[in-house]
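Visitor: According to the working numbering, the stretch in the sequence shown is residues 18 to 448, in order. Where a beta carbon is used, it is the ideal one built from N, C-alpha and C, also for glycine. Structure in structure tokens, see below.
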Amino acid sequence: MSDLKQVIEHDLEKQIICPYCWNGFAPEETYWISEHPEVQPDPLLGNVDEKMRFLPSRFDLMGNALDERGAVCQELACPRCHLLIPRACFEMKSFFTSIVGTPSSGKSYFLSALTWQLRKILPRYLELSFADADPKLNKIINEYERLQFFNPDKDKYVKIEKTEEEGDIYSTVRYSEENIVTYPSPFFFTVRPTMNHPKTEMGRTMSRLVTLYDNAGESFDPGKDIATNQVTRHLAKANAIFFLYDPTQDPLFRDACAAVSDDPQVCNTKAMRDDRQEIIFNNMTTLIRKHAGLAQAEKHDCPIVVIVTKFDVWKPLITDKDFPEPYVEHPGTGMKHLHTGVVERVSGKVRDLLLEYSPAIVAAAEGFTDQVVFVPVSATGVSPKFDEERAELGIRPVDIKPVWAEVPLVYALAKWSDGIVGTFSPSESDS
């Protein structure tokens with residue numbers, strides 16, 4: 018075992034937390050994934066494309082494991098569930114983010130706009146790189162981005178399908194014939210200081226692996242969380258929770274929107290959808306209390322960002338001015354920082370609006386945690402069009418211009434991830 022430790026010790030995290038089954042293990046306990054084409058599939062994963070996982074005893078000069086046929090292996094897996102874990106999990110701290118919302122609240126559109134904007138905003142403004150930790154594991158979200166932002170046919174209406182309760186966004190592990198468990202398959206991104214970041218010399222300790230969990234809205238219905246279906250248990254481990262609130266699904270808020278917008282989601286009965294979003298929120302908090310061991314009256318210490326989606330629809334209800342720029346140049350560093358004061362002032366305005374039209378969601382969020390911020394987001398920046406023939410909404414890629422889509426995660430990293438994002442505090446200049 019000492020030889021094995023010597024081979025794999027390379028400034029690694031002391032304990033690895035599996036992002037699927039939440040098993041904690043030491044780096045030397047890591048399983049590797051066989052590479053030789055004739056090696057048998059792994060019995061836990063039930064897929065011929067999933068090669069055998071194993072605890073190695075032989076390594077090459079680069080520290081890579083050799084499988085039973087002598088093939089050099091590159092990929093790592095959890096020793097309990099055998100699912101593929103990005104190497105970044107071993108080299109940097111994780112920042113777990115759970116994304117929750119009702120069906121059709123815009124989670125998939127938000128995820129696509131979030132990651133697309135982060136790829137641009139972080140290096141341009143904040144001297145941070147944002148990259149896929151493993152493109153194979155981010156295949157779904159990269160396809161979302163391609164459809165909306167890298168589509169060669171920019172004038173053709175497109176639609177991202179809603180997240181389902183089964184499919185590639187989940188992974189199934191067969192521990193035994195009677196014990197078959199479904200886990201979420203999150204998306205993984207690395208955030209690292211660039212060479213011009215003021216803390217670039219602290220790159221090893223400042224870097225983060227951002228892990229994003231998405232679920233179908235139906236996954237939060239009562240009775241869905243059982244031993245064989247653990248797709249929402251990431252909520253109890255999250256460093257931040259993003260709850261998407263859709264004003265167009267609330268009849269009172271929607272009526273207010275209809276007075277200032279001709280968006281089909283508020284004006285066309287075929288495109289409208291009603292949902293009791295505070296019920297989904299309360300179901301979510303019940304799951305968290307159960308798995309985090311919280312008493313009913315105990316507040317959680319995990320922050321919640323209430324993301325009020327489809328801002329392009331309801332923007333006239335909050336302001337008739339240009340939306341504030343959240344990134345300002347810091348006189349001390351000469352580079353841009355996130356102005357947390359701007360975000361928090363906007364949060365206050367959004368909270369006031371929600372108190373008028375949907376006070377239940379404000380009460381639910383603030384009753385669960387003392388760390389709540391309300392952020393307006395438009396993933397597309399423009400209303401979709403209703404296709405009568407196909408009876409569905411669509412949007413042209415050429416029209417998409419996200420508004421504040423990246424701000425929830427930038428703010429979360431700034432406030433709750435040890436300073437990787439430079440900030441102005443509310444007490445500093447408001448310029």
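Let me check one thing: in DSSP terms, what residues is I197 bridge-paired to?
Guide: As a working mapping, residue 197 is identified with position 180 in the sequence shown. DSSP output for I197 lists R191 as bridge partner(s).
Visitor: Do you know how far the Cα of P268 is from the Cα of L372?
Guide: Sequence index remark: in the sequence shown, residue 372 carries index 355 (1-based). Sequence index remark: in the sequence shown, residue 268 carries index 251 (1-based). Their backbone Cα atoms lie some 15 Å apart in a straight line.
Visitor: Provide the residue(s) that pair with H356 in DSSP beta bridges, ordered along the chain.
Guide: Along the sequence shown, one-based indexing puts residue 356 at 339. Note: H356 sits in a beta bridge opposite F441.
Visitor: Please report the distance separating the alpha-carbon of D280 from that of V330.
Guide: Taking the sequence shown and counting its residues from 1, the one referred to as residue 280 is at position 263. Taking the sequence shown and counting its residues from 1, the one referred to as residue 330 is at position 313. The straight-line gap from Cα to Cα measures roughly 7 Å.
Visitor: With a floor of 3 residues, list each beta strand (DSSP E) that falls wholly inside the segment 372–415, ordered by position along the chain.
Guide: Segments of the beta strand (DSSP E) lying fully in the segment 372–415: 389–393, 402–404 and 409–411.
Visitor: If you follow the alpha helix (DSSP H) that V424 is part of, which residue opens it and which one closes it?
Guide: Start at 1 with the first residue of the sequence shown, and residue 424 comes out as number 407. Looking at the DSSP string, the run of the alpha helix (DSSP H) that includes V424 is V424 to W433.
Visitor: With a threshold of 6 Å on Cβ separation, who are the neighbours of I112 within its own chain once the five nearest residues in sequence on each side are excluded?
Guide: As a position in the sequence shown, residue 112 is number 95, starting the count at 1. Here residue 112 is Phe; the residue named in the question, Ile, does not match the sequence. Only R225, V227, N256 and S434 meet the Cβ criterion.
Visitor: Within the chosen definition, does the segment 301–321 reach the segment 127–141 through at least 3 CB pairs nearer than 8 Å?
Guide: Touching, no.
Visitor: Under the DSSP definition of a beta bridge, which residues are partnered with K110?
Guide: On the sequence shown, position 93 is the one that residue 110 refers to. Looking at the DSSP assignment, K110 forms a beta bridge with R225.
Visitor: Look at the alpha carbon of L426 and the alpha carbon of V438, and state the distance between them as a whole number of angstroms.
Guide: In the sequence shown, residue 426 corresponds to position 409, counting from 1. In the sequence shown, residue 438 corresponds to position 421, counting from 1. Using only the alpha carbons, I get a separation of about 10 Å.
Visitor: Rounded to whole angstroms, what is the Cα-Cα separation between D20 and E45?
Guide: Taking the sequence shown and counting its residues from 1, the one referred to as residue 20 is at position 3. Taking the sequence shown and counting its residues from 1, the one referred to as residue 45 is at position 28. Note that D20 scores a pLDDT of 44, beneath 50, so its modelled location is shaky; the value from the coordinates is reported in the next line. The alpha-carbon atoms of D20 and E45 are separated by roughly 10 Å.
Visitor: Buried or exposed for P264, going by 16 or more other Cβ atoms inside 10 Å?
Guide: One-based indexing of the sequence shown puts residue 264 at position 247. Buried, by the Cβ-count rule.
Visitor: Is it the case that the Cβ atoms of D387 and K316 are separated by a distance below 9 Å?
Guide: Looking up residue 387 in the sequence shown gives position 370. Looking up residue 316 in the sequence shown gives position 299. Cβ distance < 9 Å, so D387 and K316 count as in contact.
Visitor: Taking only three categories from DSSP, how would you classify S129?
Guide: To locate residue 129, count along the sequence shown from 1; it is residue 112. Looking at S129 - three-state DSSP - the assignment turns out to be helix.
Visitor: What residues are listed by DSSP as bridge partners for F259?
Guide: The sequence position of residue 259 within the sequence shown is 242, counting from 1. I116 and V322.
Visitor: Would you identify the three-state DSSP class for W331, choosing helix, strand or coil?
Guide: Position 314 of the sequence shown holds residue 331. Correct three-state label for W331: helix.
Visitor: If you pair each beta-carbon of the segment 132–148 with each one of the segment 270–286, do three or more pairs fall below 8 Å?
Guide: No: the two stretches stay apart, fewer than three of their Cβ pairs being nearer than 8 Å.
Visitor: Identify whether A244 lies in helix, strand or coil by the three-state DSSP scheme.
Guide: Translated into the one-based positions of the sequence shown, residue 244 becomes position 227. Of the three classes helix, strand and coil, the one that applies to A244 here is coil, per DSSP.
Visitor: Tell me which residues share the same chain as E162 and place their Cβ nearer than 8 Å to its Cβ, disregarding the 5 neighbours each side in the sequence.
Guide: In the sequence shown, the residue the question calls residue 162 occupies position 145. S129, T132 and W133, listed in sequence order.
Visitor: Determine the extent of the beta strand (DSSP E) in which R209 is found, giving its start and end residues.
Guide: Counted from its first residue, the sequence shown places residue 209 at position 192. Taken as a continuous stretch (DSSP letters only), the beta strand (DSSP E) holding R209 covers F204 to P210.
Visitor: Please report how far the alpha carbon of I378 lies from the alpha carbon of V367, in whole angstroms.
Guide: On the sequence shown, position 361 is the one that residue 378 refers to. On the sequence shown, position 350 is the one that residue 367 refers to. Computed Cα separation, rounded: 12 Å.
Visitor: Within its chain, find whatever has a CB closer than 7 Å to the CB of H53; leave out the 5 residues flanking it on each side and keep chain order.
Guide: On the sequence shown, position 36 is the one that residue 53 refers to. Hits under 7 Å: D84, R86 and A88.
Visitor: What's the gap between the Cα of K327 and the Cα of L154?
Guide: Locating residue 327 in the sequence shown gives position 310, where the first residue counts as 1. Locating residue 154 in the sequence shown gives position 137, where the first residue counts as 1. Those two C-alpha atoms are separated by around 28 Å.
Visitor: Mapping DSSP to helix, strand and coil, what is L101?
Guide: In the sequence shown, the residue the question calls residue 101 occupies position 84. Three-state DSSP puts L101 in a strand.
Visitor: Are Y344 and L100 touching if we call contact CB-CB under 9 Å?
Guide: As a working mapping, residue 344 is identified with position 327 in the sequence shown. As a working mapping, residue 100 is identified with position 83 in the sequence shown. It is not a contact, given that the beta carbons lie outside the stated cut-off.
Visitor: For N81 and I186, I'd like the C-alpha separation in whole angstroms.
Guide: The residue you call residue 81 lines up with position 64 of the sequence shown. The residue you call residue 186 lines up with position 169 of the sequence shown. Their backbone Cα atoms lie some 29 Å apart in a straight line.
Visitor: Please go through the same chain and pick out, in chain order, the residues whose beta-carbon is closer than 6 Å to the beta-carbon of Y428, but skip the five residues on each side of it.
Guide: By 1-based counting over the sequence shown, the position of residue 428 is 411. Around Y428: V360.
Visitor: Return the chain-ordered list of same chain residues with a C-beta closer than 7 Å to the C-beta of D447, the five sequence neighbours on each side being excluded.
Guide: For the purposes of this step, residue 447 is identified with residue 430 of the sequence shown, where counting begins at 1. Residue placement at D447 is flagged as unreliable, the pLDDT there being 48, under the threshold of 50; the coordinate-derived value follows with that caveat. Cβ neighbours of D447 beyond the five flanking positions: G358.
Visitor: Nearest to R271 by CA position, among V198, V283, A381 and K176, is which residue?
Guide: Within the sequence shown, residue 271 is the residue found at index 254, counting from 1. Minimum Cα distance to R271 is reached at V283.
Visitor: Please determine, among T207, V65 and N196, the residue with the shortest C-alpha to C-alpha distance to M109.
Guide: Translated into the one-based positions of the sequence shown, residue 109 becomes position 92. Of the candidates T207, V65 and N196, the one whose C-alpha sits nearest the C-alpha of M109 is T207.
Visitor: Please report how far the alpha carbon of E26 lies from the alpha carbon of I412, in whole angstroms.
Guide: Here residue 26 refers to the residue found at position 9 when the sequence shown is read from its first residue. Here residue 412 refers to the residue found at position 395 when the sequence shown is read from its first residue. Note on E26: pLDDT 49, under 50, position unreliable in the model; the coordinate value appears next. Spanning the two alpha carbons is a distance of roughly 49 Å.
Visitor: Roughly how many angstroms lie between the CA atoms of D28 and T211, to the nearest whole one?
Guide: Indexing the sequence shown from 1 puts residue 28 at position 11. Indexing the sequence shown from 1 puts residue 211 at position 194. Those two C-alpha atoms are separated by around 20 Å.
Visitor: Just to confirm my understanding: we take D416, look at its own chain, exclude 5 residues before and 5 after, and list those with CB closer than 6 Å. What are they?
Guide: Stepping through the sequence shown from its first residue, residue 416 is reached at position 399. Excluding residues within five positions, the ones whose Cβ falls inside 6 Å are V399.
Visitor: So Y200 and Q247 are in contact, right, with Cβ under 8 Å, and what is the actual spacing, rounded?
Guide: Counting from one through the sequence shown, the residue named residue 200 turns up at place 183. Counting from one through the sequence shown, the residue named residue 247 turns up at place 230. Rounded, the Cβ-Cβ distance is 6 Å, consistent with contact.
Visitor: With respect to the beta strand (DSSP E) encompassing F270, which residues constitute its N-terminal and C-terminal limits?
Guide: Position 253 of the sequence shown, counting from 1, holds the residue named residue 270. Per DSSP, F270 belongs to no beta strand (DSSP E); it is in the alpha helix (DSSP H), P268 to A275.
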